[in-house]
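Trainee: One structure coming up, written as structure tokens, with questions to follow.
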Amino acid sequence: MASLNDIRATFLDYFRRQGHEVVPSSPLVPRNDPTLMFVNSGMVQFKNLFTGVERRDYVRATTAQKCVRAGGKHNDLDNVGYTARHHTFFEMMGNFSFGDYFKTDAIPFAWELITKDFGIPKDRLYTTVYHTDDEAFEIWKKVGVPESRIIRIDTDDNFWRMGPTGPCGPCTEIFYDHGDHIWGGPPGSPEEDGDRFIEIWNIVFMQNEQFEDGSMVDLEMQSIDTGMGLERIGALLQGSNDNYDTDTMRGLIEASAHATSVDPDGDQNVHHRVIADHLRSTSFLIADGVMPSNEGRGYVLRRIMRRAMRHAHLLGAKDPVMHKLVPALVSNMGQAYAELGQAQALIEETLLLEETRFKQTLERGLRLLDEELAGLPEDSDLPGAAAFKLYDTYGFPLDLTQDALREKGRGVDTDGFDAAMEEQKAKARAAWSGSGETADASVWFDIAEDKGVTEFLGYDTEVAEGQIVALVSDGAQVDSANGAVQIVLNQTPFYAESGGQVGDSGTLKTETGQATITDTKKVAGVFIHIAEVTEGEISAGQGAELVVDHERRSAIRANHSATHLLHEALRGELGEHVAQRGSLNAQDRLRFDFSHSKALSVEELGRVETEVNAYIRQNSPVETRIMTPDDAREIGAQALFGEKYGDEVRVVSMGRAATGKGLDKETYSIELCGGTHVRQTGDIGLCVVLGDSASSAGVRRIEALTGEAARAHLRAQDQRLAEAALALKAQGAEVPERVKALLEERKALQNEVAQLRRELASGGAGGGAEAKDVNGTKFLAQVLQGVSGKDLPGIIDDHKARLGSGVVLLIADTGGKAAVAAGVTGDLTDKISAADIVRAVTPQLGGKGGGGRSDMAQGGGASAENAEAAIAAAEALLGG
Ligand code: SER
28 MASLNDIRAT
38 FLDYFRRQGH
48 EVVPSSPLVP
58 RNDPTLMFVN
68 SGMVQFKNLF
78 TGVERRDYVR
88 ATTAQKCVRA
98 GGKHNDLDNV
108 GYTARHHTFF
118 EMMGNFSFGD
128 YFKTDAIPFA
138 WELITKDFGI
148 PKDRLYTTVY
158 HTDDEAFEIW
168 KKVGVPESRI
178 IRIDTDDNFW
188 RMGPTGPCGP
198 CTEIFYDHGD
208 HIWGGPPGSP
218 EEDGDRFIEI
228 WNIVFMQNEQ
238 FEDGSMVDLE
248 MQSIDTGMGL
258 ERIGALLQGS
268 NDNYDTDTMR
278 GLIEASAHAT
288 SVDPDGDQNV
298 HHRVIADHLR
308 STSFLIADGV
318 MPSNEGRGYV
328 LRRIMRRAMR
338 HAHLLGAKDP
348 VMHKLVPALV
358 SNMGQAYAEL
368 GQAQALIEET
378 LLLEETRFKQ
388 TLERGLRLLD
398 EELAGLPEDS
408 DLPGAAAFKL
418 YDTYGFPLDL
428 TQDALREKGR
438 GVDTDGFDAA
448 MEEQKAKARA
458 AWSGSGETAD
468 ASVWFDIAED
478 KGVTEFLGYD
488 TEVAEGQIVA
498 LVSDGAQVDS
508 ANGAVQIVLN
518 QTPFYAESGG
528 QVGDSGTLKT
538 ETGQATITDT
548 KKVAGVFIHI
558 AEVTEGEISA
568 GQGAELVVDH
578 ERRSAIRANH
588 SATHLLHEAL
598 RGELGEHVAQ
608 RGSLNAQDRL
618 RFDFSHSKAL
628 SVEELGRVET
638 EVNAYIRQNS
648 PVETRIMTPD
658 DAREIGAQAL
668 FGEKYGDEVR
678 VVSMGRAATG
688 KGLDKETYSI
698 ELCGGTHVRQ
708 TGDIGLCVVL
718 GDSASSAGVR
728 RIEALTGEAA
738 RAHLRAQDQR
748 LAEAALALKA
758 QGAEVPERVK
768 ALLEERKALQ
778 NEVAQLRREL
788 ASGGAGGGAE
798 AKDVNGTKFL
808 AQVLQGVSGK
818 DLPGIIDDHK
828 ARLGSGVVLL
838 IADTGGKAAV
848 AAGVTGDLTD
858 KISAADIVRA
868 VTPQLGGKGG
878 GGRSDMAQGG
888 GASAENAEAA
898 IAAAEALLGG
């Protein structure tokens with residue numbers, strides 16, 4: 028029996044042999060369609076090739092595309108488990124031609140693969156064509172389908188559209204007849220909804236494009252888009268009409284049966300089916316970067332997870348079940364989808380945490396539900412307020428409550444639920460407007476309420492399409508804009524400034540204009556792209572191509588991840604008291620403020636820098652997960668002190684350490700963080716700590732550079748060193764020694780000069796430095812040239828020593844100014860004070876006062892011109 032893996036391989040290999048490029052499945056989150064929640068068919072990733080907007084270096088492609096239908100237009104969630112063919116996750120096999128082959132090849136390809144390679148008996152097959160498509164009718168006849176089995180359909184069933192706009196065209200479908208033991212009729216008959224005749228392949232002749240105003244034009248090229256559900260063809264080839272009987276689904280159902288010890292085929296079988304299906308969608312979504320949350324795609328994921336978890340509960344499971352089934356899924360599908368194995372740990376952990384949390388409230392919520400129902404008249408719907416309470420307090424998504432009620436044959440008052448939800452939003456808004464934040468933010472709240480919050484795609488991509496939901500100019504919404512404007516989109520790869528990380532910049536392009544985005548901020552969950560329309564104009568409602576400035580974002584990312592490593596290295600070096608007090612992660616640098624009261628020594632800074640760089644070189648993956656704040660703290664995550672966190676937090680871990688933290692006790696850094704980070708620590712490149720300074724009392728600030736900025740900084744330092752070496756005529760490495768030697772030499776020379784000056788002065792070279800007797804005291808006065816004020820005390824000491832007893836007065840002409848010093852030997856200080864002499868002398872020199880002790884005093888004047896008069900004043904003071 029061919030397994031689903033064999034069938035997938037056979038399909039891809041058949042078209043590879045027909046000259047098709049085997050293209051990998053695109054991620055489940057569409058990057059090129061802002062209106063689509065999840066990729067729901069094979070053609071999504073090729074959408075722009077059909078319209079000719081995009082070209083690739085192949086014109087034929089084949090894929091096995093991951094698809095999720097659990098939100099938006101195609102929402103199969105409610106039916107899953109209860110029918111033979113509904114799934115939230117399925118694989119669509121497809122072959123595509125972009126302006127290459129058309130009907131005459133597409134039909135024979137499908138026929139050959141189905142009847143030869145897959146060996147499906149021809150007499151079981153029927154085909155349909157769009158009622159006016161004679162060409163397709165003739166081709167089917169030519170390959171051998173009897174006319175009686177080619178059915179013309181005049182409804183939209185045979186005209187395929189991807190949505191209200193976009194490429195479209197008539198289609199032809201292949202049906203399989205499971206036999207008359209099953210009720211149903213051929214397509215177009217009144218019994219067509221039965222399970223007997225099942226569509227297995229849809230071939231779309233992409234030849235038109237539909238526009239918003241309802242008009243349709245012929246496309247320049249004619250293309251092919253086909254889709255065949257792998258599970259459906261698999262069931263058929265494995266002899267069943269139930270997709271859940273295929274080997275892959277059966278394996279998962281058995282894993283569920285094993286984990287819950289409940290018979291896989293008994294009357295509880297529906298629960299196993301739900302679990303098997305939801306395990307696939309949740310695992311693939313997590314592998315593609317979606318995390319459970321309360322908004323957008325993350326909320327759809329959460330709804331699927333919780334639905335599966337409730338069914339596990341119905342099977343009587345006491346402990347979390349879902350995470351135990353992941354290995355079975357990975358072993359079956361991991362080879363075709365490598366991302367599954369790569370994300371296995373994350374998938375298991377996310378499922379375990381979600382199920383653990385949900386279990387805590389599930390029973391109480393279900394009890395509440397029973398109580399509410401008991402108080403109601405038989406058969407009446409559950410009031411909206413009760414359903415809202417289950418949602419708000421117990422985390423029961425509305426569809427989960429509906430699912431639980433469905434078994435009891437009852438419904439929910441959904442209008443009442445919506446009204447309760449509206450009321451809560453209004454309350455939140457009222458609470459916010461009273462919070463004292465800027466008043467002009469009300470426009471953003473209006474937008475959030477009308478259009479919903481912005482979904483951030485930027486953890487996984489820097490390029491995506493979004494739909495412009497509002498344009499704001501001067502605080503008011505406008506329909507279109509050219510010039511300065513603030514743009515809001517339903518989804519965006521642009522990071523909005525928060526948590527110390529600056530907002531992204533980049534470009535936005537629509538059909539009619541182009542804008543430069545200089546910054547991104549957010550209010551009330553709405554991302555505000557601050558922009559300047561540089562070409563044409565842009566309008567609300569348009570689709571837009573968004574491209575984040577890659578280099579800038581990469582530099583910001585490196586700085587942010589380095590900040591986490593720096594934080595941990597500082598804690599290791601200085602102690603556990605180190606806590607973040609603020610940070611800036613910009614393009615050109617990082618700044619980290621932390622609690623610590625002393626300046627860091629050069630050695631401490633050096634060790635911190637060394638450690639950060641060791642973890643950079645370790646090049647270990649940076650991991651992100653979502654958990655409750657309590658769980659995060661339990662595994663040692665660093666959280667901002669005093670910061671309020673919601674129900675769940677994003678936790679970023681990096682680095683492997685022998686004695687680390689986390690569940691594995693080997694993680695180096697774990698922080699609560701909403702920012703964007705490098706994939707591997709090695710992407711930081713290099714980190715250079717510039718220095719540490721005081722930021723405020725008890726808070727130090729470290730600034731550092733990473734990546735190219737760090738390299739450029741080192742290069743500049745090296746350049747300066749080279750210049751210094753050149754000036755010193757030395758090698759770079761010798762510079763410190765040489766500078767030290769030069770400084771020592773300079774000091775020695777300075778001393779020598781001072782000594783020489785002194786000798787020059789006291790040795791009589793100043794001319795007539797003889798003491799004379801003034802009123803019985805030896806008095807030596809001297810006028811000096813070429814000495815400075817600070818040389819004078821030394822000369823005074825020399826003179827005093829020579830005189831033994833006496834008074835010395837020195838007046839130095841210091842080039843335009845005069846310096847004065849007076850000295851009195853110890854035996855005379857009782858009678859006469861050097862300070863008095865200076866004070867008597869300086870006025871003659873155009874100065875004032877002076878100061879010092881009785882044995883030595885100094886002063887200054889404007890000029891040494893009247894030195895003689897000054898000396899005379901000193902003599903007069905001595906009584907001469
Ligand atoms: N786009 C078509 C479908 O989804 C054929 O692939 O059915």
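For the sequence shown, position 380 (counting from the first letter as 1) is numbered 407 according to the numbering used here, and the numbering increases by one without interruption. Using N, Cα and C, we set each Cβ at its ideal position, and we do this for glycine too. All figures in this text were calculated on a predicted structure; none of them were measured in a lab.
(1) Helix, strand or coil for Glu892? Go by DSSP, reduced to three states.
(2) For the structure I just gave you, are there three or more beta carbon pairs, one from the segment 628 to 642 and one from the segment 613 to 620, closer than 8 Å?
(3) Taking only three categories from DSSP, how would you classify Pro520?
(4) Looking only at its chain, what residues have a beta carbon closer than 7 Å to the beta carbon of Arg112, apart from the 5 residues adjacent to it on each side?
(5) If you follow the alpha helix (DSSP H) that Val505 is part of, which residue opens it and which one closes it?
(6) Roughly how many whole angstroms lie between the Cα atoms of Phe668 and Gly701?
(7) Where in the segment 141 to 224 do unbroken runs of the alpha helix (DSSP H), each at least 4 residues long, occur, reported from the N-terminal end onward?
(8) Thinking C-beta only, is Ala896 closer than 8 Å to Ala849?
(9) For Gln249, which residues does DSSP report across the bridge?
(10) With H, G and I counted as helix, E and B as strand and the rest as coil, what does DSSP make of Leu328?
(11) Rounding to the nearest angstrom, what Cα-Cα distance links Gly793 and Leu770 in this structure?
(12) Identify, in the order they occur along the chain, each residue of the same chain with its Cβ nearer than 6 Å to the Cβ of Glu239, setting aside the five sequence neighbours on each side.
(13) Can you look up Lys7 in the DSSP assignment and give me helix, strand or coil?
(14) Is any beta-carbon of chain C found at less than 8 Å from that of Met360?
(15) Are the CB atoms of Ile711 and Ala585 within a distance shorter than 8 Å?
(16) From Ser288 to Ala363, what does the alpha carbon distance come to, in whole angstroms?
(17) Do you know offhand how far Arg1's Cα is from Glu630's?
(18) Find the nearest neighbour of Gly530 within the set Lys536, Ile544 and Thr539, judged by alpha-carbon distance.
(19) Give me the Cα-Cα distance between Thr89 and Phe42, rounded to the nearest whole angstrom.
(20) For Gln528, tell me which candidate among His350, Arg223 and Leu611 has the shortest Cα-Cα distance.
(21) Looking at Gly436 and Gly254, is the spacing between their C-beta atoms short of 8 Å?
(22) Is it the case that the Cβ atoms of Asn517 and Glu482 are separated by a distance below 8 Å?
(23) Would the beta-carbon of Ile565 fall within 8 Å of that of Thr539?
(24) Can you tell me whether DSSP reads Glu797 as helix, strand or coil?
(25) For the pair the segment 437 to 444 and the segment 401 to 420, tell me if three or more CB-CB distances fall below 8 Å.
(26) Name the residue from Pro194, Ala551, Glu281 and Ala453 whose alpha carbon lies nearest to the alpha carbon of Leu246.
(27) Less than 7 Å separating the Cβ of Asn229 from some heavy atom of ligand 1?
(28) Using C-beta distances below 7 Å, list every residue in its chain close to Pro410, excluding the 5 sequence neighbours before and after it, in chain order.
(29) Residues in its own chain within less than 8 Å of Gly816 by CB, not counting five upstream and five downstream?
(30) Under 8 Å by Cβ, that's how I've got Val56 and Leu535 pegged, so tell me the actual separation to the nearest angstrom.
(31) Quick check on the DSSP output: the beta strand (DSSP E) that includes Tyr695 runs from which residue to which?
(32) Would you mind sorting Gly718 into buried or exposed? The rule is 16 or more other CB atoms within 10 Å of its CB.
(33) Three or more C-beta pairs closer than 8 Å, one from the segment 136 to 156 and one from the segment 167 to 183: is that the case here?
(34) Go ahead and label Met120 buried or exposed: buried means 16 or more other beta carbons lie within 10 angstroms of its beta carbon, across all protein chains shown.
(35) Kindly indicate which three-state DSSP category Gln265 falls into: helix, strand or coil?
(36) With distances taken between CB atoms, is the gap from Ser310 to Leu379 smaller than 8 Å?
Mentor: Taking the coordinates as given:
(1) Assigned with DSSP and collapsed to three states, Glu892 falls in coil, not helix or strand.
(2) Touching, no, given that fewer than three Cβ pairs across the two stretches are closer than 8 Å.
(3) Pro520: coil per DSSP, three-state reduction.
(4) Only residues of its own chain outside the window of five on either side were considered, and among them Arg259 and Asn270 have a CB closer than 7 Å to the CB of Arg112, listed in chain order.
(5) Here Val505 belongs to no alpha helix (DSSP H); instead the beta strand (DSSP E) covers Ala503 to Val505.
(6) Confidence in Phe668 is poor, its pLDDT being 49 and thus under 50, which makes the residue's placement unreliable; the coordinate value appears in the next sentence. So the alpha carbons of these two residues sit roughly 16 Å apart.
(7) Runs found: 161 to 170.
(8) The answer is no: Cβ separation not under 8 Å.
(9) Looking at the DSSP assignment, Gln249 forms no beta bridge with any residue, so it has no partner.
(10) Leu328 falls in the helix class under three-state DSSP.
(11) Bear in mind that the predicted position of Gly793 carries a pLDDT of just 42, short of 50, making it unreliable; the figure below should be weighed with that in mind. C-alpha separation (whole angstroms): 31 Å.
(12) Once the five neighbours on either side are set aside, the close Cβ partners of Glu239 are Thr192.
(13) Because residue 7 is not part of the residues shown, which for the chain are 28 to 907, the question remains open.
(14) Absence of chain C from the displayed structure is noted, only one protein chain being present.
(15) Yes, these two residues count as a Cβ contact at 8 Å.
(16) Straight-line measurement puts the Cα of Ala363 at about 29 Å from the Cα of Ser288.
(17) Given a span of 28 to 907 for the chain in the structure shown, any question on residue 1 remains unanswerable.
(18) Residue Ile544 is the option with its Cα nearest to Gly530.
(19) In this model, Thr89 and Phe42 are separated by some 6 Å (Cα to Cα).
(20) Taking the Cα of Gln528 as reference, the smallest distance to any Cα among His350, Arg223 and Leu611 is reached at Leu611.
(21) At least 8 Å separates the beta-carbon of Gly254 from that of Gly436.
(22) Yes.
(23) Yes. Within cutoff.
(24) Coil.
(25) The segment 437 to 444 vs the segment 401 to 420: in contact.
(26) Just measuring C-alpha positions, the residue of Pro194, Ala551, Glu281 and Ala453 sitting nearest Leu246 is Pro194.
(27) True, at least one ligand heavy atom lies under 7 Å from that Cβ.
(28) Taken in chain order, the residues that qualify are Asp440 and Gly443.
(29) Correct list, in chain order: Ala839, Thr841, Ala846, Ala848, Gln885 and Gly887.
(30) The C-beta distance from Val56 to Leu535 rounds to 19 Å, too long to meet the 8 Å contact threshold.
(31) Thr694 to Leu699 is the extent of the beta strand (DSSP E) around Tyr695.
(32) It is exposed - the Cβ of Gly718 has fewer than 16 other Cβ atoms within 10 Å.
(33) A contact is defined here as three or more CB-CB pairs under 8 Å, and the segment 136 to 156 meets this definition with respect to the segment 167 to 183.
(34) Under this definition Met120 is a buried residue.
(35) DSSP places Gln265 in coil when its eight states are reduced to three.
(36) Going by beta carbons, Ser310 and Leu379 fall outside the 8 Å limit.
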